[in-house]
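Chemist: Here you go, one structure.
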Amino acid sequence: MKLGILFAAVVAASQIRLMPHASEKQHYKSVPQAEHPIDLNQYENDFVVRMPYTNESLKYLKNQKLKIWSSNGAKQTLDVQLNSAQLAQLGTAFDISKAEVIIPDLAQAVYESYPDKTENVFAEEVDFKTTSEVFFKDYRSLEDIHQWLHLLEETYPDLIKMETIGHTYEGRPFRVVHLSVKDRDVDHEQKKTVVITGGVHAREWISVSTVLYSVYAMLRHWEENPHDSKTLAQLDFLFIPVLNPDGYVYSWETDRLWRKNRQPVEGGDEGSCRGVDIDHSFDYHWTPSSESVCSEDYAGKIPFEAYEARVWDEYLNKTNEAHHIHGYIDLHSYDQEILYPYVYSCEHQPRDEENLIELAYGISKSIRWTSGKYYAVSPACLDRDSDLLPELGSGTALDYMYHHRAFWAYQLKLRDSGSHGFLLPKRYIEPVGEEVSAGLKYFCKFILTSGEA
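And the structure:
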């Protein structure tokens, strides 16, 4: 029996709903394999299912070492990557009649997420604005991102400073974009710093594009509204578009759905059992991972084992007096949520919780006014299921930055709400960039008017 027929039979037998999912390119099997961006056979016959969340189902999926895309305790949904045999086995353990297939052909969805190889956004020497209009029409490789950032610095030398603050395990530069508007009436020592990061998890390409778009939107707004320069001059910005450069490159060249960094780990191999989850590597309520080294959530054996987390922390320690961090936003995908601390436990109340929640709802409203999209507000611990499985909330960047560095800190999970998951089509890059830029603008104005020291 062909697996496609088996898939249809299992879906029919379990009464799972098959969500409509239109292809945006010709099917990858009709394209010569040599023209595929990566080896798509690794995803062949896989699909993504959304099922109702229960404590038992989450533990079962973790114990079976299945690939969980989203475990959302707040929305009570679980998204998991399966093949037909795994779905049939899941059906023997749980009632999955209320589940639905949200991505029926994972290999095709992966294929569609890559840009056309024939396109070269830097083929002609044009100005920054013209290049950027093309740049944000698709996802970009790390090489293209670095070229765009170089052009950014050349175009705005008085506003933009690129800093290489260290290197990854594979030797790639770890780059920070420092944006600062100079104003003789503003004392630099009094400036508040806002940090925006993306690309912590390699497969979350929309987070990378959105950080870059936020820089672009801020500069565009500054040029079109010079009267706002006084407001902008009161803040410093640190943007890290790709916090996981090695993993990001690997997601472009080998495995589109790779999550961790790419450093070797004790007991691992050169394939899937490599890398540390950067977002479980920070030294705040960090716990040793009970997960296999092959797990996508592997936290390592010590805090800051992930190269990138350690480099970032060392930079913040060295520049502590230069950057007075008041705001931190960490962009991820997916689920359309604004999450506030703490991640590690719902029992620990964050400081100034009422205002923290108020600000989160303000960001959400700004997004909705811009695009009509709703971003739910939730404590991160509830989203991460930390009280059920504590290790899922340990050592996160959000908790670490909130507790040690920033007064206001959030994780934003970007679009969508599940029909595409990590493989958000390129047509959403600019709309997501616009809505997050609106939220960031509200965030900055709140910080400037808040009374925290």
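If you want my numbering, it's the 1-based position in the sequence shown plus 217.
Glycine is no exception: its CB is placed at the ideal position from the N, C-alpha and C atoms.
Return the residue from the list E525, Y627, D552 and N478 that minimises the CA-CA distance to H543.
Modeler: H543 has its Cα closest to that of Y627, out of E525, Y627, D552 and N478.
Chemist: Since S424 and L631 are thought to touch, with beta carbons under 8 Å apart, how far apart are those beta carbons, to the nearest angstrom?
Modeler: That pair is a contact at about 6 Å.
Chemist: I need the straight-line Cα distance from K246 to V265, nearest angstrom please.
Modeler: The straight-line gap from Cα to Cα measures roughly 19 Å.
Chemist: Rounded to whole angstroms, what's the CA-CA distance from A655 to Y545? Just pull it up for me.
Modeler: So the alpha carbons of these two residues sit roughly 16 Å apart.
Chemist: Nearest CA to the CA of G589: which residue from V653, R622, L606 and L460?
Modeler: Nearest C-alpha to G589: V653.
Chemist: Can you list, in chain order, the residues of its chain with a C-beta nearer than 8 Å to that of D263? Leave out the 5 residues immediately preceding and following it.
Modeler: If we look at D263 and ignore the five residues flanking it on each side, its Cβ neighbours are Q298, L299, N300, L323 and A324.
Chemist: With distances taken from CA atoms, which of R476, W286 and S274 is nearest G308?
Modeler: Minimum Cα distance to G308 is reached at S274.
Chemist: Within 10 Å of its beta-carbon, does K408 have 16 or more other beta-carbons around it, so buried, or fewer, so exposed?
Modeler: So K408 counts as buried.
Chemist: Considering A626, what are the terminal residues of the beta strand (DSSP E) in which it resides?
Modeler: Element bounds for A626: W625 to L631.
Chemist: Assign I519 to buried or exposed, taking buried as 16 or more other Cβ atoms, counted over all protein chains shown, within 10 Å of its Cβ.
Modeler: By the 10 Å Cβ count, I519 comes out exposed.
Chemist: If we ignore side chains and look at the alpha-carbon of each, how far apart do D569 and E406 end up?
Modeler: Cα to Cα, the separation comes out at about 25 Å.
Chemist: Among P648, C661 and R644, whose alpha-carbon lies nearest the alpha-carbon of E329?
Modeler: The residue with the shortest Cα to Cα distance from E329 is R644.
Chemist: Verify whether the separation of the beta carbon atoms of F499 and A614 is less than 8 Å.
Modeler: Cβ atoms of F499 and A614: closer than 8 Å.
Chemist: Restricting to Cα atoms, I'd like to know which of V412, E317, Y465 and K292 is closest to I362.
Modeler: When each option's Cα is compared against that of I362, the closest is Y465.
Chemist: Taking only runs that begin and end inside the segment 564-594, name each unbroken alpha helix (DSSP H) of 4 or more residues, in chain order.
Modeler: List check, alpha helix (DSSP H) in window: 570-588.
Chemist: Pop quiz: N478 and V459 are said to be a contact at Cβ under 8 Å. What is the actual Cβ separation, rounded to whole angstroms?
Modeler: Going by Cβ atoms, the distance from N478 to V459 rounds to 11 Å, so no, they are not a contact pair.
Chemist: Roughly how many angstroms separate the alpha carbons of W365 and R357, rounded to a whole number?
Modeler: Cα to Cα, the separation comes out at about 10 Å.
Chemist: Between the beta-carbon of V428 and the beta-carbon of I495, is there less than 8 Å?
Modeler: Their beta carbons are not under 8 Å apart, which means V428 does not touch I495 by this criterion.
Chemist: So, with DSSP's three-state summary, where would you put L474?
Modeler: In the structure shown, L474 sits in coil (DSSP, three-state: anything other than H, G, I, E or B).
Chemist: Please classify G544: does DSSP put it in a helix, a strand, or coil?
Modeler: Looking at G544 - three-state DSSP - the assignment turns out to be strand.
Chemist: Once DSSP output is grouped into helix, strand and coil, what is the label at K284?
Modeler: Note: K284 maps to strand in three-state DSSP.
Chemist: Tell me whether the beta-carbon of D472 lies closer than 8 Å to the beta-carbon of Q250.
Modeler: It is not a contact, given that the beta carbons lie outside the stated cut-off.
Chemist: Quick one: grab the DSSP three-state call for K354.
Modeler: Of the three classes helix, strand and coil, the one that applies to K354 here is coil, per DSSP.
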